[in-house]
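Read through the structure below, which is laid out as structure tokens, and then see the notes.
There are 2 protein chains.
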Amino acid sequence: MTGGRRRSETSRLAILDAARDLLLEGGYEQLTIDAIAGRAGVGKQTIYRWWGSKGAVVADAALEGGLAQPLTPLPDTGDIETDLRRWLRAWTEHLTTAQGTGLILALTAATADDHTVADVLFERFTQPHEQLLRDRLERARGAGQLASDAPVPTIASVLIGSLLYRVLTRQAPPTVDDADLVVRLVLGGAG
Amino acid sequence: MTGGRRRSETSRLAILDAARDLLLEGGYEQLTIDAIAGRAGVGKQTIYRWWGSKGAVVADAALEGGLAQPLTPLPDTGDIETDLRRWLRAWTEHLTTAQGTGLILALTAATADDHTVADVLFERFTQPHEQLLRDRLERARGAGQLASDAPVPTIASVLIGSLLYRVLTRQAPPTVDDADLVVRLVLGGAG
DNA sequence: CAGTTTCGAGACGATCATTCTCGAAACTCA
DNA sequence: TGAGTTTCGAGAATGATCGTCTCGAAACTG
Numbered sequence: 001m002t003g004g005r006r007r008s009e010t011s012r013l014a015i016l017d018a019a020r021d022l023l024l025e026g027g028y029e030q031l032t033i034d035a036i037a038g039r040a041g042v043g044k045q046t047i048y049r050w051w052g053s054k055g056a057v058v059a060d061a062a063l064e065g066g067l068a069q070p071l072t073p074l075p076d077t078g079d080i081e082t083d084l085r086r087w088l089r090a091w092t093e094h095l096t097t098a099q100g101t102g103l104i105l106a107l108t109a110a111t112a113d114d115h116t117v118a119d120v121l122f123e124r125f126t127q128p129h130e131q132l133l134r135d136r137l138e139r140a141r142g143a144g145q146l147a148s149d150a151p152v153p154t155i156a157s158v159l160i161g162s163l164l165y166r167v168l169t170r171q172a173p174p175t176v177d178d179a180d181l182v183v184r185l186v187l188g189g190a191g
Numbered sequence: 001m002t003g004g005r006r007r008s009e010t011s012r013l014a015i016l017d018a019a020r021d022l023l024l025e026g027g028y029e030q031l032t033i034d035a036i037a038g039r040a041g042v043g044k045q046t047i048y049r050w051w052g053s054k055g056a057v058v059a060d061a062a063l064e065g066g067l068a069q070p071l072t073p074l075p076d077t078g079d080i081e082t083d084l085r086r087w088l089r090a091w092t093e094h095l096t097t098a099q100g101t102g103l104i105l106a107l108t109a110a111t112a113d114d115h116t117v118a119d120v121l122f123e124r125f126t127q128p129h130e131q132l133l134r135d136r137l138e139r140a141r142g143a144g145q146l147a148s149d150a151p152v153p154t155i156a157s158v159l160i161g162s163l164l165y166r167v168l169t170r171q172a173p174p175t176v177d178d179a180d181l182v183v184r185l186v187l188g189g190a191g
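Chains as they are written, first to last, in full-length UniProt numbering: chain B, 1 to 191; chain C, 1 to 191.
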């Protein structure tokens with residue numbers, strides 16, 4: 001079937017914008033499909049035609065709406081400590097803004113709420129960013145800046161995990177100083 | 001008012017058991033108050049009388065129902081690497097069982113869903129366990145097994161965070177070997 | 001026993017996800 | 001141009017669930 005009205009890009013963007021804004025205003029709990037449709041000036045069917053569920057809309061809105069930093073390779077100044085520090089600092093600052101924290105919490109809620117969303121987010125968000133981090137770490141290992149048997153996947157999960165932990169518990173948001181400490185710890189060890 | 005029927009301990013336990021079982025069977029999404037009341041053989045009002053919300057019941061059920069390992073201090077064999085390894089391995093095994101994973105996911109969902117639940121869980125679960133870990137680390141530092149300027153809170157959050165990250169993403173459950181790698185990385189560094 | 005409080009059961013009203021229907025609009029192709 | 005197709009906005013209809021409320025029975029105090 002080639003005939004027929006085409007999908008409205010205007011509506012698509014209005015839906016994602018509305019979802020993101022409502023997410024930031026009231027969190028995942030407050031968010032309703034009716035509210036999204038209302039603010040976007042769109043029929044509910046238009047939402048359900050293109051996204052299968054509320055969780056799917058939320059995931060998409062968050063990914064296109066500011067949580068996902070542009071997926072660019074880590075800087076490579078030649079010094080792995082400088083680069084890791086810069087990377088982790090940037091993420092720390094990003095995730096501790098009201099917007100960043102709200103979005104990551106919303107995504108966590110959506111993940112738990114909808115099993116398929118977990119896979120989508122991993123594939124489109126977590127995995128790609130972790131891969132970029134691993135790439136940079138492998139290069140450092142090749143350049144002799146890390147031990148030849150340095151466990152790159154472990155290092156990546158430690159850097160990401162410590163930040164995630166601090167953000168998710170919602171009790172003591174991490175600072176850029178914390179980021180520096182984590183990088184130094186991972187590279188130098190505590191022993 | 002001293003008179004009146006007393007709170008039924010039988011019902012209290014039946015509610016927590018039912019909530020935990022349903023959590024493990026269908027996750028946080030499937031869980032309804034009606035289902036808990038039904039399985040526990042209890043009126044809904046009995047639930048709402050003692051817990052303010054679904055999140056509160058879930059938090060309580062999870063804490064009393066098997067997620068919370070007994071809150072015992074870390075072993076102290078005199079060797080910090082041995083003790084950390086033992087601790088992280090135990091948690092890794094605990095959180096990668098079907099039950100452990102189900103519960104941690106449910107708690108994460110509840111945390112993101114309800115801010116008051118986040119505080120309760122941090123206070124009654126996360127914080128106490130992290131404190132035990134810090135205590136052991138401080139003792140190691142005092143004994144000269146860690147650098148005198150070792151950032152104990154950072155070490156704790158790295159150990160916990162890396163495990164949490166791997167469990168939450170649900171893509172590659174951590175193994176005891178991963179646990180050992182994390183401990184070695186934290187103590188020895190990658191540089 | 002009289003008074004108080006909880007208990008199990010379930011009705012009730014409100015909210016919300018999701019589906020369905022409608023007439024109008026946008027588009028393809030002959 | 002016009003027939004056929006698909007999406008559009010709007011909103012009604014359905015079903016699940018939350019949280020409140022009521023009822024008569026049960027358990028407890030003094």
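Built from N, CA and C at the ideal position, the CB exists for glycine as well.
Across the segment 87-97 of chain B and the segment 160-170 of chain B, are there enough close Cβ pairs to call them in contact, namely three or more that are closer than 8 Å? yes
Within the 9 Å Cβ cut-off, does residue 129 of chain C reach chain B? For this step, residue 129 of chain C is matched to residue 129 along the second sequence. With 9 Å as the cut-off, residue 129 of chain C does not count as an interface residue toward chain B.
So which residues on chain C does residue 125 of chain B lean against when the C-beta distance must stay under 8 Å? Here residue 125 of chain B is taken as the residue at index 125 of the first sequence, counted from 1. Residues of chain C passing the Cβ test: none, with the nearest at roughly 10 Å.
Would the beta-carbon of residue 57 of chain B fall within 9 Å of that of residue 47 of chain B? The count along the first sequence starts at 1 and reaches residue 57 of chain B at position 57. The count along the first sequence starts at 1 and reaches residue 47 of chain B at position 47. Yes; because the gap between Cβ atoms is below 9 Å, this pair is in contact.
Are three or more beta carbon pairs between the segment 177-184 of chain C and the segment 150-163 of chain C nearer than 8 Å? yes
I'd like to check one pair, residue 138 of chain B with residue 158 of chain B: are the Cβ atoms closer than 9 Å? Looking up residue 158 of chain B in the first sequence gives position 158. Looking up residue 138 of chain B in the first sequence gives position 138. Cβ distance not < 9 Å, so residue 158 of chain B and residue 138 of chain B don't count as in contact.
Per-residue contacts from residue 166 of chain B into chain C (C-beta, under 8 Å): Counted from its first residue, the first sequence places residue 166 of chain B at position 166. Under the 8 Å cutoff, chain C gives 157 and 161.
Can you find a C-beta in chain B that's less than 9 Å from the C-beta of residue 171 of chain C? The residue labelled residue 171 of chain C in the question sits at position 171 within the second sequence. With 9 Å as the cut-off, residue 171 of chain C counts as an interface residue toward chain B.
For residue 134 of chain C versus residue 156 of chain C, is the C-beta spacing smaller than 9 Å? Position 134 of the second sequence holds residue 134 of chain C. Position 156 of the second sequence holds residue 156 of chain C. Yes, Cβ-Cβ distance for residue 134 of chain C and residue 156 of chain C is below 9 Å.
Report the start-end ranges of each alpha helix (DSSP H) in the segment 82-132 of chain C that is 4 residues or longer and not cut off at the edges. Here the runs fully enclosed are 98-113 and 115-121.
Is the segment 71-83 of chain C in contact with the segment 28-47 of chain C, if contact means three or more CB pairs nearer than 8 Å? no
What residue range does the alpha helix (DSSP H) around residue 178 of chain C cover? Looking up residue 178 of chain C in the second sequence gives position 178. Start and end: 176-188.
Cβ atoms of residue 132 of chain B and residue 72 of chain B: under 9 Å apart, would you say? Residue mapping note: residue 72 of chain B aligns to position 72 of the first sequence, counting from 1. Residue mapping note: residue 132 of chain B aligns to position 132 of the first sequence, counting from 1. Yes.
So, with DSSP's three-state summary, where would you put residue 150 of chain B? By one-based count along the first sequence, residue 150 of chain B stands at place 150. DSSP places residue 150 of chain B in coil when its eight states are reduced to three.
What are the start and end residues of the alpha helix (DSSP H) that includes residue 30 of chain B? Looking up residue 30 of chain B in the first sequence gives position 30. Residues 9-30.
Relative to the C-alpha of residue 85 of chain B, which candidate in B:190, B:191, B:189 and B:178 has its C-alpha closest? Counting from 1 along the first sequence, the entry for residue 85 of chain B is found at position 85. The shortest Cα separation from residue 85 of chain B among B:190, B:191, B:189 and B:178 belongs to B:178.
Segment contact flag, the segment 114-130 of chain B with the segment 12-26 of chain C, C-beta cutoff 8 Å, min 3 pairs: no
Beta-carbon neighbours of residue 178 of chain B, restricted to chain C and to distances below 7 Å: Counted from its first residue, the first sequence places residue 178 of chain B at position 178. Result: 154.
Residues near residue 190 of chain B by beta carbon distance below 6 Å, same chain, minus five either side: Here residue 190 of chain B refers to the residue found at position 190 of the first sequence. So the list is empty, once near-sequence residues are dropped.
From which residue to which residue does the alpha helix (DSSP H) around residue 34 of chain C run? Start at 1 with the first residue of the second sequence, and residue 34 of chain C comes out as number 34. Residue 34 of chain C -> alpha helix (DSSP H) spans 33-40.
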